[in-house]
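Chemist: Take this structure first; my questions come after.
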Amino acid sequence: MRYVMNDYELVYLIQNEQDDIAMAFMFKKYHKFIWKQVHLLNVDPKEHDDLHQEGVLMLHKALQTFDETKNKSFTRYFELILRRQLYKAKNNIPNYYLYEHTDFCKGVTYLEEEPIEIICNSLLEQQIHQLYFLERRSVAEIIRQTEYSKKQIYNTIFRIKEKYKNML
44 MRYVMNDYEL VYLIQNEQDD IAMAFMFKKY HKFIWKQVHL LNVDPKEHDD
94 LHQEGVLMLH KALQTFDETK NKSFTRYFEL ILRRQLYKAK NNIPNYYLYE
144 HTDFCKGVTY LEEEPIEIIC NSLLEQQIHQ LYFLERRSVA EIIRQTEYSK
194 KQIYNTIFRI KEKYKNML
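This is how it looks when you write it as structure tokens:
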């Protein structure tokens, strides 16, 4: 006769006896469940392995922190933890992609190569461009250093940004 343990018994063995066999069994049991949750996120396939690894870590955390007195099954408890962590991890995935080939960059003029006179028509714009965009000074510092008002500085920054946008 073969005896099959339920999740409560396995979690008990893991939490109280540090049973590696029970731990391995739970990882094997929930392996496909983790993959299913990863695939439901509809992310780039390159991210699947990282998200699966997050899921495995969450399974380990769930096994350590599960409390059966809360009247929740282990599967539901783990699913809740897993989904929260996967959504959090998905939101932290960068929204940019690195391209293998740089052919798309041929013939592109970078803004840093443009003479400042093309971008900035006045002395005010040249000063603000230098201080704000190149030297990364705050507006408060620029006000203290120059005789310009806060409104003049913000308007100039806006005009320079608009010129950059039009150049693109």
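Under my numbering, think of the first position of the sequence shown as 44, with each following residue one higher.
For glycine and all other residues, C-beta sits at the position ideal for the given N, C-alpha and C.
Just so you know, these numbers come straight off a predicted model, no measurement behind them.
Rounded to whole angstroms, what is the Cα-Cα separation between I76 and Q61?
Modeler: One point to set straight first is that residue 76 is Phe, not Ile, in the sequence displayed. Spanning the two alpha carbons is a distance of roughly 23 Å.
Chemist: With DSSP as the reference, label T189 as helix, strand or coil.
Modeler: T189: coil per DSSP, three-state reduction.
Chemist: Determine, using beta carbons only, whether K206 comes closer than 8 Å to chain C.
Modeler: Judged by its chain identifiers, the structure shown contains no chain C, having just a single protein chain.
Chemist: In this structure, does DSSP put N164 in helix, strand or coil?
Modeler: Reduced to three states, the DSSP call for N164 is coil.
Chemist: Are L125 and M101 close, meaning C-beta to C-beta below 8 Å?
Modeler: Yes, Cβ-Cβ distance for L125 and M101 is below 8 Å.
Chemist: On the criterion of 16 or more Cβ atoms from any shown chain inside 10 Å, does F147 qualify as buried, or is it exposed?
Modeler: Any reading at F147 must be qualified, since the residue scores a pLDDT of 47, below 50, and its modelled position is unreliable; the value itself is stated next. Per the 10 Å Cβ criterion, exposed.
Chemist: Out of M48, V81 and K133, state which residue places its alpha-carbon closest to the alpha-carbon of M66.
Modeler: With distances taken between Cα atoms, M66 lies closest to M48.
Chemist: Which whole-angstrom value describes the C-beta separation of G98 and V81, a residue pair presumed to lie in contact below a C-beta threshold of 8 Å?
Modeler: Going by Cβ atoms, the distance from G98 to V81 rounds to 6 Å, so yes, they are a contact pair.
Chemist: Under the three-state reduction of DSSP, which class applies to Q61: helix, strand or coil?
Modeler: Q61: coil per DSSP, three-state reduction.
Chemist: Report the CB separation of F64 from L106 in whole angstroms; it is logged as a contact under 8 Å.
Modeler: First, the amino acid is wrong: residue 64 is Ile here, not Phe. Not quite, the Cβ-Cβ distance comes to about 13 Å (not below 8 Å), so this is no contact.
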